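Going by the numbering used here, the sequence shown opens with residue 118, and the numbers climb by one from there.
Here a beta-carbon is modelled for each residue, glycine too, at the ideal position from N, C-alpha and C.
Note that this is a predicted model, so its numbers are computed, not measured.
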Amino acid sequence: MKSNKIVKALSLGSLAILSLNSQAITIDKTSAWQTFETENFRIHFTPEYKDWALSSAREMENVRTLIKKQQNRVLDEKVDAYIIDPLNASNGFAVPLSSKPYMALFATPPQSDSVISNSSSWQQLLVLHEYVHLVHLAQKNRSEWRNQLAQIWDLYDASIIKADRWVTEGYATLQESKLTGRGRLYHDGVEAIIQQFAREGELPTYNQLSKQDKRFMSGSMAYLVGVRYLKWLEENFGEDTLDAVWSRWKAVKQRSFNESFEGVFQDSPAHLYKRFVAEYTFKAMKKEAQYSNANSDLWLDLNGQVSEPALSPDGKLLAIIETPRKEEYKEVILNIYSTEENTEAAEKFNKKTDKILEDDPKDIVGKAPKVFKREIKFSLNQTNDQSIRNPRWLNDETIIYGASSKGRDSQLHQDLFSWNISTGKTKQLTNSANLRRFDVNNNMIIAEQSRFGKSQLVKFDLEGNKLADLNEASTSNIYDFPRLNPNASQLAYLTTNLNSKWLLKVKDLNTTHNSEITVPLPTDYQFLSYPEWSKDGSSLYYVAGTQGEVKMYQYDLDTKMLSAISSGEHPVSWPIAQSNDSLLHLSINSKGPDVYHLALDPEQYIQITEITVTDNIDIMAIDNSPLKLSPAKMTVDPTIGEQRDYGIGPQEGTVSIGESFYSASTNLFELGYKSGDVLSRFDWQVNVSSDLNKNILSGASANVRWQGWPIKLFAHAYQYDLKVDEQKHALTNVPTDISETGLLLEASYPFRRDTLSINTIAQIRLADTETNEVGADHHYQSFGFDQSWYFDKQVWGVSQKSKLTYITGEKNNIDYDGYNAMLSLSGHIKHYGLGAEVQAIKRSDETTNIIDIGGYGSTLIQPKAHQNTVFAPEMAFHTGSTNDYMKYEIFSPFKAGRLFYSRHTMKEQDSIDVYGIKGVFTNDFGFTGISNLSINIGVAQVNPENSKSDLKAWLGLWYKW
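Written as structure tokens, this is what we have:
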């Protein structure tokens, strides 16, 4: 298998490991998982999501029927769908293996300003989008041998998925829009942004289309521009022409996407993309000529993703969240700017200019910036990669904001925190409350709560205690942007229902009847978000989209008049009242949003007379494609399937292959069969291993694991033969053949709280070892823990790990005891890190040397089954032996590994110094072939105290249990 195919398979597997957010997905395997099986799907869920799951089952069958009718393609395999909510955020993914396709659906619905907010229902859009991925990419290859190999080896199956990201995401987005008349293709807010990019000449190049880098919105372009390009191809060349690409893709003759494309379009996708960009830009520029001059002035020039501005009550400070994106990561910072002009920066500029002209009166100095950047008074960095959201001022010194926190279920929940800008202290107010957008006054917090796929408005006190539900939790209705008027007598909020658009409502909080009104909207609106009260509470501002553009509107509750207060030329968002005569707002360009100031002049308003208070939508008027999904319903119909306990889940088996290259010792090829479920509640593997060149190391092993209870159970049986003296850099030339047969039984209890992880482990190991045909029984029992913790404030952070295990055993009828201990500390400032680690292993002095130094872990030789071995891949097996071992290491960590220097010391023996670079990657979630997969890689200089130094290198691909 070529290395690039392994990389492709691992890239696909990462979809099952990471969300689009940087947070790793953690699934609670111990919950009471259930399965609902229909004719074509198995839906897996925990009891809290039963209604959502059974409703999605009906939607899945409907989607499958329509896709089959539209494309004459269908998946014969039963698809597994996992209903989860690990991030308390809207997302999902599909893993399109041709033999065992599955998808994960995140139940939390999107908010009104999201690019995925335009749908008949979140559930319908998500099911459709992810199922299209499967049908598009998981079709069986018509090459018999490739198809057969894919059926038995899922890593190979993953490696032959050949599409660029813009192709896969763009196509699924195209179908989500064509089959519903909604979706991202017909999202006015999205269209306004893409047109703005086009007018600036900043649409991504073809090579940038699939990339996620530091460019603003780069990660979204595969969806948002990709779908528009594919739609353009269909309109100009026909739907059948594009569809033929997918048929050529899976042909007996192996073709890349480009080859499949060029065969029917008679041109490359990169070249035709240039024509699409030209035509799209022409239309955008033509539209720009119709706009009047912008009526807003630049107030704060920023870069990157910017959102959620909020003015302090006294108007002197502006809180705003900035998310500068680097190449492979993003920062989240809550900055507090002064609203005063930066006169000091202006004076410095003028002095610099005067000095230039003094030295050279004929010089032409640069112009002053349009606005000098206002002074940052305070900053708060995100903690532990948990983001910062929705800052709202409690008073002039305290901000309530949202961030993620990890609950006892290991899932992320959106919670509320407070920050005193004077003292710098932060405090967590709620725990696992799932509160998204909210508003606050001196007495209460009104928030939208999203839990188990249900949305509702709730009231909390300032200490984080829940006071009341303001309405019933619902999977059909979604709520967003609760906003209290200045005297807290009225609550404005957004809401949407199935098959409807968003509406803006105002509820009277001071009457017993809680009467409410619907705020008028432009008749042809599609997008609606960002409501905000005027300073005096007499008006509401909001942003609405019509005909591919977005404008700010003002609705006067006294006069009942609706007016447009911006032209629609630029994508605007987040209006915030600065006074009764002015407001601030964001305006988006290709570098990211900037803050603008708008003077409110009623004479410049455009009164809107064609208004509506209904949320009806005619999807056929938007997209006249004849095939459409039926209207969304959250119907729970248990008669369409059968419900049962999940148990060990759907077991999916695969061939497993490992390969290890270690210059210090030996190579190892491993072949086995592995079975398990996606949740890894129950999995097992059998394996044979051999050095195919010299047969230095060979053997067989078996593993079985159950993780469906709070206490995890694991068993490992093995037998191996090792010719110690024939290793590439063996310590001895004396013929030494070791044969060992063993059994490990392990029980462990993991505990996690926020960033603290403690795993308590008990083991029993039985082994029979023969050295040059001399046998020895060796068994031990051990009890200990692995622990880790970290605290990260983005610009600095610390992390810590420790291990402590007590061992008691018997070898050759001699009892012994001892311990294994390790402590690691590291920290970073910005992107520069440094750490230190010490490892100590001690056994009873009265026994012969028990601790062996050197060698590497493999599927055959699981490190956890060998507590008396110090694995060091830069050394051969049995490089040394002792009963008193210490290792000291200093290192500089980076994303994929560490630069290190270490010293191995053994009592009354020469020490060994090692320095180099090494990395370890282990995955524990995903399809069978990628779960437990571990990659070890490194190169190091090994310097024994009184021996010749050597450069060693290693690369290992194996399954770590």
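Of all the options the options, which has the alpha carbon lying nearest to the alpha carbon of residue i?
i	options	result
D1027	Q917, G997, L679, S655	G997
L942	P486, Y642, Q956	Q956
T543	Y518, V730, M220	Y518
M338	H250, D597, T322	T322
Y973	I142, D532, A749, F994	F994
G1046	V249, I269, K167, S207	I269
D800	R822, D808, L814, S806	R822
I556	R509, H948, R175, S294	Correcting the residue type first, residue 556 is Asp in the shown sequence and not Ile. Minimum Cα distance to D556 is reached at R509.
A953	S975, S899, M992, L1016	L1016
T540	S496, N733, Y248, E963	S496
D754	L579, Y647, I160, S172	S172
Y610	D641, N616, P648	P648
N929	F393, E247, N582, D894	D894
Y273	D586, W283, A819, W262	W262
K1065	S260, V851, H846	H846
F1008	D1001, Y1018, Y1002	Y1018
Between which residues of its own chain and residue i is the CB-CB distance below 8 Å, once the five residues before and five after are set aside?
i	result
L703	V423, S424, P426, V689, S690, W691, P710, D711, V712, Y713
T515	S535, W536, N537, I538
G1014	I1034, K1035, G1036, V1037, I1054, G1055
Mapping DSSP to helix, strand and coil, what is residue i?
i	result
D675	coil
D305	helix
L848	coil
V369	coil
R1079	Given that the chain is displayed from residue 118 to residue 1078, the structure contains no residue 1079 and the question cannot be resolved.
K745	coil
R525	coil
T922	strand
N706	strand
L683	Per the sequence shown, residue 683 should be read as Ser rather than Leu. Three-state DSSP puts S683 in coil, outside helix and strand.
K624	strand
A280	coil
W826	coil
H995	coil
A255	coil
W416	strand
P103	One cannot answer for residue 103 here, as it falls past the ends of the chain, which runs 118 to 1078.
H983	coil
E458	coil
Please tell me whether residue i and residue j are closer than 8 Å, where the distance is taken between their beta carbons.
i	j	result
L254	V307	no
G770	Y790	yes
Q911	Q499	yes
S593	Q573	no
Y923	S916	no
K443	K331	yes
T663	Q695	no
N264	S567	no
T301	I233	It should be pointed out that residue 301 corresponds to Arg in this sequence rather than to Thr. Cβ atoms of R301 and I233: closer than 8 Å.
I736	P226	no
S656	Q671	yes
Can you name, in chain order, every residue of its own chain whose Cβ lies under 6 Å from the Cβ of residue i, other than the five neighbours on each side?
i	result
H1021	K1004, I1029
S413	Y713, L715
Q228	D597
T297	S237, L746
F314	L320, S707
F900	A879, Y923
A1070	S780, V1056
N138	Confidence at N138 is low in this model, with a pLDDT of 36, below 50, so its placement is unreliable and the value that follows should be read with caution. Hits under 6 Å: L204.
V249	A289, Q292
Measuring only between beta-carbons, confirm whether residue i sits less than 8 Å from chain D.
i	result
Y199	Judged by its chain identifiers, the structure shown contains no chain D, having just a single protein chain.
How about the segment 776–793 and the segment 190–206: do they share at least three Cβ pairs that are nearer than 8 Å? no
- Query: Do the segment 212–224 and the segment 247–263 meet, that is, are 3 or more Cβ pairs less than 8 Å apart?
  - Reply: yes
Notebook entry, point to check: Is the number of C-beta pairs between the segment 146–158 and the segment 810–827 that are closer than 8 Å three or more?
Noted result: yes
query = Is there contact between the segment 966–986 and the segment 796–815, where contact requires at least three CB pairs shorter than 8 Å?
reply = yes
Note to self: Check whether the segment 1034–1041 and the segment 1055–1075 touch, using three or more Cβ-Cβ pairs below 8 Å as the test.
What the structure shows: yes
request  = Pair every Cβ in the segment 451–460 with every Cβ in the segment 482–495, then say whether three or more of these pairs are closer than 8 Å.
outcome  = yes
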